[in-house]
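S.K.: Residue numbers (the numbering used here): 165 to 989.
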């Protein structure tokens, strides 16, 4: 049965409307089989508080517990007042609706309190901007004690026809409470079906009215009124449901029980899912069908009996059948939806993996790292249950070898717990200082067994290089060394470094050698050893160093090698020739002969035989030893050699087996020391200036027995200035011959005329030999008037000074004996 009421009909009068509402409510109550209390106004009052920000107003009588209070407010001087409503019983007030009309700076609002406390009660209204404050308080019975608000509307305008605009209610028997505010005092006529309850202030100064009616059936509603004169107005409507009012259609659905939760795969969730359905005013909706939907694949579950729908109870709650997790672990969403609500609600569920059943190495194997550095990839082990789901929260223990190539975990922590993906990530592992591998690190978990990670510790960068084979050794020149050179490269922890290039370098000159094919590099093997190609000595004998170097290492490895000389091929006199010694005295310098091979290298350890003439000028070796052995430089030094008693020059020889040509030493046995030196040619003599003297100067040197002394050096010395001369080539020394005669180089007079002495001296003789020399002037070269000019005298008388002319040669020396002819005019 349905009954409709047109509230806008002008035929229906106020009294008839109220009667019909009552009848309709009774019919509805009978038709739905349940009692619904009619809303009734219990008491009300109002107040014009004047200009203020707060005011209080007491109800005429005590409030009844469980009743409903509405407060209608008009605040002036602001269109955006913020209102606060409290009362002395501590009831909670909510704002139903509010409007403001800026043209008149007025704010209108309706506040309400549900299920109020019993007793005398004073209501306090406050606003933020001081201005004229008018309000009314109304107590109703029969209004729902919770979620009572069923709809609101509000509007402003100008004119005589006032309307809040429409709202659509969801429950039959709603209280429609309207309030109209005007900028100026006005005369009001209630809207159709409404009764004016309050006029504030009293007529004819009314600026606020409250009006109400009971809406018989669900539908559109508005608050309206008519003003006697046109003016600015604002109207607010609030609809409140009665106790037991029928809820509207579903407007929302919420997951209220069973989210979030989890269950082990293959087991039921402990809590059944519940969804609550409400209408647009938050009232629970009974009898609505809710559909629960789990994912079709992946982690999900199944409802008992395959039933995935449930019907809401009186509290709007739909309880799903028991949900059992499937065998796939993971988080997922079950949705609940109801017809008429576009958005479904979600339940967050998780299927938790079962007990650990397997463990697998999923990262970090195989891999390598340089010694003493961390491995780039952390080890990861994945733990799964018997259904292949990753198991979280499992402790995995990682173990590295206790000796040899191994590593240490960061902080000493060798365990890790699996995450939501079942992955346990080990702390960083740092390789120890021992190169090697592969070696195994294990990861194990209780009930799941163990897994292996394959690792290798690589040697670090080259830090040292050492000569390990082929030093020291020697080889004959131009032959290969017997042992190939080997260098070992190690890192800073003494691990052999493989795969690095070692460069072998021999000296560029002198004793050295060459690598076969010119290849002087080699690569280290797994043991860090680089083996050079065959090395052949060059033709120069001697000791030398071959180096082996590697990039990054400052100090090379050194190989001590020696090129040995070949067989003797030549012998040369290298000391003690030529020399002289007085008869019966030892020569000052011992004779030395150097023996070399075909490459010019000194040959050590060979015997050299020294031989002196058998007669005439000669000598004898000390102790009669005429042989000597060559040293490392190929030099054989003879014993001291003493001249015999015969003066004169002779040749000594030095021979060695295998060499055809001997070495020769030129020796001279000298007589006694010089005792006298006398000029024997070239004195006295003269020569024209700047011309050579005709006879070369000669001296004879004799010993104390007047024997000529040969081989001694005689020094000739001319004056350093004035008349003098110079020896040809600047050579002012000469050596005496076998006759003891020393002949000076050609001597040329200088440009100064005159007599002078040239001396000849020999070491050990105090008195020199003297040569009397004269530089003669040359031919007349110039004549100069030097006296008697200028002068004058009386005629026919003699001049006082006789005339004189001086004649000189080209060296400016005066020339004597030249005839000068004086000629007068």
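Quick reminder that beta carbons are idealized off the backbone N, C-alpha and C, glycines included.
Quick one: Cα of residue 774 to Cα of residue 868, how far?
M.R.: For the purposes of this step, residue 774 is taken as the residue at position 610 of the chain shown. For the purposes of this step, residue 868 is taken as the residue at position 704 of the chain shown. Spanning the two alpha carbons is a distance of roughly 34 Å.
S.K.: Look up residue 680 in the DSSP assignment and say whether it is helix, strand or coil.
M.R.: Locating residue 680 in the chain shown gives position 516, where the first residue counts as 1. Correct three-state label for residue 680: helix.
S.K.: Measuring straight from C-alpha to C-alpha, what distance separates residue 392 and residue 398?
M.R.: Taking the first residue of the chain shown as 1, we reach residue 392 at position 228. Taking the first residue of the chain shown as 1, we reach residue 398 at position 234. Rounded to the nearest angstrom, the two C-alpha atoms are 15 Å apart.
S.K.: Flag this pair as yes or no: are the beta carbons of residue 509 and residue 500 separated by less than 8 Å?
M.R.: Walking along the chain shown from the start, residue 509 turns up at place 345. Walking along the chain shown from the start, residue 500 turns up at place 336. In this structure, residue 500 lies closer than 8 Å to residue 509 by Cβ.
S.K.: In angstroms, rounded to a whole number, what distance separates the CA positions of residue 447 and residue 591?
M.R.: Counting from one through the chain shown, the residue named residue 447 turns up at place 283. Counting from one through the chain shown, the residue named residue 591 turns up at place 427. Each residue's alpha carbon lies about 56 Å from the other.
S.K.: Are the stretch 317-333 and the stretch 368-378 touching, with three or more C-beta to C-beta distances below 8 Å?
M.R.: No, because fewer than three Cβ pairs between the stretch 317-333 and the stretch 368-378 fall closer than 8 Å, the two stretches do not touch.
S.K.: Along the beta strand (DSSP E) that carries residue 120, what are the first and last residues, could you check?
M.R.: Outside the displayed span of the chain (165 to 989) sits residue 120, for which this structure offers no information.
S.K.: Let me know the secondary structure DSSP gives residue 691 once reduced to three states.
M.R.: Position 527 of the chain shown, counted from the first residue, corresponds to residue 691. Residue 691 falls in the coil class under three-state DSSP.
S.K.: Distance, Cα to Cα, residue 444 vs residue 368?
M.R.: As a first step, residue 444 is located in the chain shown; it is residue number 280 there, counting from the start. As a first step, residue 368 is located in the chain shown; it is residue number 204 there, counting from the start. Their backbone Cα atoms lie some 41 Å apart in a straight line.
S.K.: Helix, strand or coil: which one does DSSP assign to residue 489?
M.R.: Looking up residue 489 in the chain shown gives position 325. The answer is strand: DSSP assigns residue 489 an E or B state.
S.K.: Does the Cβ-Cβ distance between residue 343 and residue 236 come in under 8 Å?
M.R.: Counting from one through the chain shown, the residue named residue 343 turns up at place 179. Counting from one through the chain shown, the residue named residue 236 turns up at place 72. Their beta carbons are under 8 Å apart, which means residue 343 touches residue 236 by this criterion.
S.K.: Contact between the stretch 420-431 and the stretch 453-461 is defined here as three or more beta-carbon pairs at a separation below 8 Å; is this criterion met?
M.R.: Judged by Cβ distances under 8 Å, the stretch 420-431 makes no contact with the stretch 453-461, as fewer than three pairs qualify.
S.K.: Assuming contact is defined by CB atoms lying nearer than 8 Å, are residue 803 and residue 789 in contact in what I supplied?
M.R.: Here residue 803 refers to the residue found at position 639 when the chain shown is read from its first residue. Here residue 789 refers to the residue found at position 625 when the chain shown is read from its first residue. In this structure, residue 789 lies closer than 8 Å to residue 803 by Cβ.
S.K.: Over what stretch of residues does the beta strand (DSSP E) that includes residue 531 continue unbroken?
M.R.: For the purposes of this step, residue 531 is identified with residue 367 of the chain shown, where counting begins at 1. 531-534 is the extent of the beta strand (DSSP E) around residue 531.
S.K.: Looking at residue 269 and residue 262, is the spacing between their C-beta atoms short of 8 Å?
M.R.: Counted from its first residue, the chain shown places residue 262 at position 98. Counted from its first residue, the chain shown places residue 269 at position 105. No, the pair does not count as a contact, with Cβ atoms beyond the cut-off.
S.K.: Who pairs with residue 496 in a beta bridge, going by DSSP?
M.R.: Along the chain shown, read from residue 1 onward, the residue named residue 496 stands at position 332. Paired residues: 513.
S.K.: Please state whether DSSP places residue 946 in a helix, a strand or coil.
M.R.: Position 782 of the chain shown holds residue 946. Strand.
S.K.: Can you tell me where the beta strand (DSSP E) with residue 544 in it begins and where it stops?
M.R.: Indexing the chain shown from 1 puts residue 544 at position 380. Segment 544-548, the beta strand (DSSP E) holding residue 544.
S.K.: Looking at the secondary structure, which residues open and close the beta strand (DSSP E) in which residue 602 lies?
M.R.: For the purposes of this step, residue 602 is taken as residue 438 along the chain shown, with counting starting at 1. Its beta strand (DSSP E) spans residues 600-609.
S.K.: Run through DSSP, which three-state label would residue 123 get?
M.R.: Any property of residue 123 remains undetermined from this structure, which presents the chain solely from 165 to 989.
S.K.: Report, in whole angstroms, the separation of the C-beta atoms of residue 729 and residue 641, which I expect to be a contact under 8 Å.
M.R.: The sequence position of residue 729 within the chain shown is 565, counting from 1. The sequence position of residue 641 within the chain shown is 477, counting from 1. Going by Cβ atoms, the distance from residue 729 to residue 641 rounds to 6 Å, so yes, they are a contact pair.
S.K.: Might you give, ordered along the chain, the residues of its own chain that have their beta carbon closer than 6 Å to the beta carbon of residue 346, omitting 5 neighbours on each side?
M.R.: On the chain shown, position 182 is the one that residue 346 refers to. Excluding sequence neighbours, residue 346 sits near 371, 395 and 397.
S.K.: When the Cα of residue 320 is compared with those of 271, 983 and 251, which residue comes out closest?
M.R.: In the chain shown, residue 320 corresponds to position 156, counting from 1. For the residues 271, 983 and 251, the minimum Cα distance to residue 320 belongs to 271.
S.K.: Tell me which residues share the same chain as residue 921 and place their Cβ nearer than 8 Å to its Cβ, disregarding the 5 neighbours each side in the sequence.
M.R.: Counting from 1 along the chain shown, the entry for residue 921 is found at position 757. For residue 921, where only same-chain residues beyond five positions count, the Cβ hits under 8 Å are 883, 934, 935, 936 and 937.
S.K.: Leaving out five residues before and five after residue 923 in sequence, what residues of the same chain have Cβ atoms less than 8 Å from its Cβ?
M.R.: Along the chain shown, read from residue 1 onward, the residue named residue 923 stands at position 759. Excluding residues within five positions, the ones whose Cβ falls inside 8 Å are 880, 881, 932, 933, 934 and 935.
S.K.: Check the DSSP bridge columns for residue 303 and list the partner residues they point to.
M.R.: To locate residue 303, count along the chain shown from 1; it is residue 139. Beta-bridge pairing links residue 303 to 207 and 233.
S.K.: Measure the alpha-carbon distance for residue 1002 versus residue 980 and round it to whole angstroms.
M.R.: Given a span of 165 to 989 for the chain in the structure shown, any question on residue 1002 remains unanswerable.
S.K.: Cα separation between residue 168 and residue 317?
M.R.: Looking up residue 168 in the chain shown gives position 4. Looking up residue 317 in the chain shown gives position 153. Note on residue 168: pLDDT 31, under 50, position unreliable in the model; the coordinate value appears next. Cα to Cα, residue 168 sits roughly 21 Å from residue 317.
S.K.: Take the Cβ of residue 471 as the centre, count every other Cβ of all protein chains shown within 10 Å, and call the residue buried at 16 or more, exposed below.
M.R.: Translated into positions along the chain shown, residue 471 becomes position 307. Flag for residue 471 reads exposed.
S.K.: What's the call for residue 312, buried or exposed, on a 16-neighbour Cβ count within 10 Å?
M.R.: Within the chain shown, residue 312 is the residue found at index 148, counting from 1. Classification of residue 312: buried, given that the 10 Å Cβ count is 16 or more.
S.K.: Secondary structure at residue 464, three-state DSSP: helix, strand or coil?
M.R.: Against the chain shown, residue 464 aligns to sequence position 300. It is coil, neither helix nor strand.
S.K.: What distance in whole Å lies between the Cβ atoms of residue 556 and residue 584, which are believed to be in contact at a cut-off of 8 Å?
M.R.: The residue you call residue 584 lines up with position 420 of the chain shown. The residue you call residue 556 lines up with position 392 of the chain shown. Between residue 556 and residue 584 the Cβ distance is about 5 Å, and since that is below 8 Å, they are a contact.
S.K.: At what residue ranges does the stretch 908-963 contain a whole run of the beta strand (DSSP E), taking only runs of 3 or more?
M.R.: Runs found: 911-913, 918-926, 933-940 and 946-951.
S.K.: Taking C-beta to C-beta, are residue 602 and residue 622 nearer than 8 Å?
M.R.: Looking up residue 602 in the chain shown gives position 438. Looking up residue 622 in the chain shown gives position 458. No, these two residues do not count as a Cβ contact at 8 Å.
S.K.: Does the separation of the CB atoms of residue 340 and residue 374 fall below 8 Å?
M.R.: Residue mapping note: residue 340 aligns to position 176 of the chain shown, counting from 1. Residue mapping note: residue 374 aligns to position 210 of the chain shown, counting from 1. Contact: no.
S.K.: If we call anything under 8 Å between Cβ atoms a contact, is residue 594 one with residue 546?
M.R.: Indexing the chain shown from 1 puts residue 594 at position 430. Indexing the chain shown from 1 puts residue 546 at position 382. No.
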